[in-house]
Amino acid sequence: MQRFPSEEENSPAFLKVLRFVSEEVAANDASHDVDHCVRVARLAHTISKEERHASPEIARLAGLLHDVVDEKYVSEDRRDAVLKAVMTLLSVELGLAERDVKDILATIEGCGFRKQLARETVAGEEEALSPVLKYVQDADMLDAIGAVGIARCFTFGGARNRPLYSSDTIGSLSLENPERVSHCEYQTKKAPSIDHFFEKLLHLKNMMQTETGRKLASQRHTLMQDYLRAFFDEVAGHA
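If you use the numbering used here, the sequence shown corresponds to residues 3 to 241, in order.
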């Protein structure tokens, strides 16, 4: 098991959860691998501390576990068994308080762009979200934008044999007015990788749920916009 730069990430609890997550996501492509989970854990911990939450370590563990039942990779039949194993890990092996276990499980089940889109149709539901879920949701969205987010976007598309772009539709993509897809469209649409910036990634900055998340998203969003301008120039033969 690799060692990490901080003492907290080398703690027995973190390493035990990391081992569990590594096994659960081993078959995922690199866009949703264990390194993604570690980055989200670190960001969730950072956001939790900046937001002055009482339990940043719980946010870190929730971030590490957030993708273990991702519906893109985990079948419905497998999902319940994984959640049961998570509960045993947290309650029995780590001995966490019932409230913390509940927060982490709610985060695992509630985290994800599709679920956030679905929540937008339910008035007031965002206000009922736990702080830990908000921190992990923001951390997950932050890892989808910026330099790492760009790499993850094309990794995901490549793993599914999607083209980089479509010559038929690239001219309709606009940085000034990126199209926002509905929850239903997001579930069914299988577009070229570059389209994913416009249907999802360029909207994430405005979907952050914490002040810290919004601050961190700003620079990543700008980097992504600069990248897309260069991409379009190169495709058009202007650069």
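Ideal Cβ positions, reconstructed from N, Cα and C, are used throughout, including at glycine.
For the options Val134, Lys192 and Val150, the alpha carbon positioned closest to that of Leu107 is the one of Val134.
Here Leu45 is near Leu144, since their CB atoms are less than 8 angstroms apart.
Residue environment analysis places Pro58 among the buried positions, since at least 16 neighbouring C-beta atoms fall within 10 angstroms of its C-beta.
Its chain contains Ser195 as the residues whose beta carbon lies nearer than 6 angstroms to that of Phe156, once the 5 sequence neighbours on both sides are disregarded; these appear in chain order. Taking C-alpha positions only, Leu206 is separated from Ile147 by approximately 8 angstroms. Taking C-beta atoms as the reference points, Gly65 and Ala141 count as a pair closer than 8 angstroms. Here Thr48 is buried, its C-beta having at least 16 other C-beta atoms within 10 Å. About 13 angstroms separates the beta carbons of Val70 and Val40, which is beyond the 8 angstroms limit, so they are not a contact pair. Taking the CA atoms as reference points, Lys202 sits about 12 angstroms from Gln118. One thing to note: Leu63 has its Cβ no nearer than 8 angstroms to the Cβ of Ala149.
Assignment of Asn12 by DSSP, reduced to helix, strand and coil, places it in the helix class. Going by C-alpha positions, Asn179 is about 14 angstroms away from His198. When rounded, the separation of the alpha-carbon atoms in Ala87 and Gly114 is 20 angstroms.
Arg80 has its alpha-carbon roughly 30 angstroms from the corresponding atom of Met210.
A straight line joining the alpha-carbon of Phe158 with that of Leu204 spans about 17 angstroms. If the five residues before and after Ser33 are omitted, its C-beta is found closer than 6 angstroms to the C-beta atoms of Arg154, Thr157 and Phe158, all from its own chain and listed in chain order. Residue burial annotation: Ala219 is buried, with at least 16 other C-beta atoms found within 10 angstroms of its C-beta.
For Tyr137, the enclosing alpha helix (DSSP H) begins and ends at Pro133 to Leu144.
Annotation: Leu131 to Leu85 spans about 19 angstroms, alpha carbon to alpha carbon.
Short of 6 angstroms from the beta carbon of Gly112, and not among the five residues preceding or following it, lie these beta carbons of its own chain, in chain order: Leu135. Out of Phe16, Val138 and Thr171, the CA that lies nearest to the CA of Thr109 is found in Val138.
Under the three-state reduction of DSSP, Pro165 is assigned to coil, being neither helix nor strand. With a beta-carbon spacing of about 21 angstroms, His68 and Val94 fall beyond the 8 angstroms limit used to define contacts.
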